[in-house]
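So the sequence shown is numbered by this note's numbering: it starts at 65 and just counts up by one. In what follows, a single structure is set out as C-alpha cells and then discussed.
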Amino acid sequence: MKFELIELREDRIRFLLSGVTAAFANGIRRACMSEVPILAIDQISLYDNTSVLFDEQIALRLGLVPLQSKDLDSYSRPEDCQCGGEGCPGCRVDFMLSAEGPGMVYSKDIQFTDPGVKPAFDKIPIVILGEGEKVVIEGFATKRVGKDHSKWQAGTLCGYKNLPKIEIGASCDGCGKCIEVCPRDVLALEEGRAKATNILECSLCKLCIEECEAGALKVTPVLDSFVISIESSGVMPVKELVAKAAQEIRKRAEDLDAKLAELT
Ligand code: SF4
Ligand code: SF4
Ligand SMILES: [Zn+2]
C-alpha cells in the first residue's frame with residue numbers, strides 16, 4: 065500500500081491510497097463516519113421553554129452540536145462502563161443551558177460540568193428568544209458512534225473515487241472541445257494538443273470523450289488506487305479522526321485473529 069498526501073487542513077484531508085481494494089478504501093470511509101466514538105448531547109430535561117420553538121426542535125438542535133473534549137479517552141461508552149450503562153461520571157457529562165430573552169442562544173451558552181468539554185463552534189444558533197422568553201435545560205452527553213445515530217458522526221463528508229487515468233492519442237488535433245466541456249478544468253492545450261494538467265479533479269464523467277470527434281481520448285479508473293477525502297465535523301482534527309478510524313479497523317482485525325486462534 066502506498067500513501068500520498070494531497071491536501072491537509074485542520075478539518076479536511078485528501079490523500080491517495082494505491083495498492084488497495086475498493087472495499088478497503090470504503091472501510092476507511094465508513095470507519096470515519098460510523099466507528100469513531102465521540103461525545104454528543106444524548107438526553108435533556110426541559111424545565112422551561114417559552115420560546116417559539118417546540119421542545120423537540122430544541123432537543124434536536126442541541127443533539128447536533130459537535131462537541132470537543134480535551135480528554136475523550138477518559139469517557140467510556142455507556143455499554144462498556146463500570147456502571148453497566150446506568151449513567152455515571154465515567155460515561156456521561158452533564159450540562160446546563162439557561163437563558164432569557166431578548167437575544168439569540170448560541171452553542172457557546174451550553175455549560176458542561178467538565179471544563180474540558182465544549183462545543184466545537186461557538187456560534188451555532190439554538191433558539192432566538194423574544195423579550196421575557198426563557199429556556200432552562202439540563203441534560204447530559206454520552207460517548208457513542210455514528211452508527212448509533214448521526215449526531216455521533218465524527219466524519220461528515222467522507223468519500224472516495226478511483227484515481228482517473230487520462231490518455232490522449234496521436235489523433236488529437238487540438239480542437240479544444242474537450243477543454244471547453246470539462247466541468248473541472250482538468251484539461252488544457254499545450255503545444256497544440258490536449259493535456260491532462262489537473263488529473264486529481266477528474267470525476268470520470270467522460271463528457272470529454274463524447275465531445276472528442278477524433279476519438280483521441282480515453283478516460284479509465286485505476287482500479288487499485290483511490291483518492292480519499294475526509295472531513296471532520298469539528299470534534300477533532302481530521303488527522304486524528306483518520307488515525308482513530310484506522311485503529312478501529314485494526315481492533316476488529318485483531319478480534320477476528322484472536323477468534324480464529326481459539327479454533328486451532
Ligand atoms: S476534443 Fe479530442 S481532438 Fe479536440 S483537443 Fe480534445 S482530445 Fe484533442
Ligand atoms: S472525464 Fe469529465 S472531469 Fe474528467 S477530464 Fe473528462 S470531462 Fe473532465
Ligand atoms: Zn457509567
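Glycine included, C-beta positions come from ideal geometry on N, C-alpha and C.
Taking 7 angstroms as the threshold (C-beta atoms), are residue j and residue i in contact?
i           : j           : result
residue 194 : residue 165 : yes
residue 179 : residue 171 : no
residue 272 : residue 281 : yes
residue 232 : residue 252 : no
residue 323 : residue 100 : no
residue 115 : residue 197 : yes
residue 222 : residue 141 : no
residue 250 : residue 265 : yes
residue 335 : residue 84  : The question about residue 335 has no answer here: the residues shown for the chain are numbered 65 through 328.
With H, G and I counted as helix, E and B as strand and the rest as coil, what does DSSP make of residue i?
i           : result
residue 222 : strand
residue 138 : helix
residue 265 : helix
residue 211 : coil
residue 197 : coil
residue 143 : helix
Decide if residue i is buried, meaning its Cβ has at least 16 other Cβ atoms within 10 Å, or exposed.
i           : result
residue 224 : buried
residue 113 : buried
residue 152 : exposed
residue 67  : exposed
residue 176 : buried
residue 300 : buried
residue 161 : buried
What is the residue span of the beta strand (DSSP E) that residue i lies within?
i           : result
residue 107 : 102 to 113
residue 160 : 156 to 164
residue 81  : 76 to 82
residue 273 : Careful: residue 273 lies outside any beta strand (DSSP E), inside the alpha helix (DSSP H) at 271 to 275.
residue 293 : 281 to 296
residue 132 : 131 to 133
residue 116 : Careful: residue 116 lies outside any beta strand (DSSP E) and carries neither H nor E.
Could you spell out where the alpha helix (DSSP H) holding residue i opens and where it closes?
i           : result
residue 250 : Here residue 250 belongs to no alpha helix (DSSP H), and DSSP marks it neither H nor E.
residue 98  : 86 to 98
residue 302 : 302 to 327
residue 125 : 119 to 127
residue 243 : 241 to 245
Under the assumption that residue i contacts residue j (Cβ atoms under 8 angstroms), give the Cβ distance between them as a whole number of angstroms.
i           : j           : result
residue 329 : residue 220 : Look at the range of the chain in this structure, 65 to 328, and you will see that residue 329 is not part of it.
residue 139 : residue 215 : That belief does not hold up - the Cβ atoms of residue 139 and residue 215 are roughly 16 angstroms apart, past 8 angstroms.
residue 205 : residue 104 : 6 angstroms
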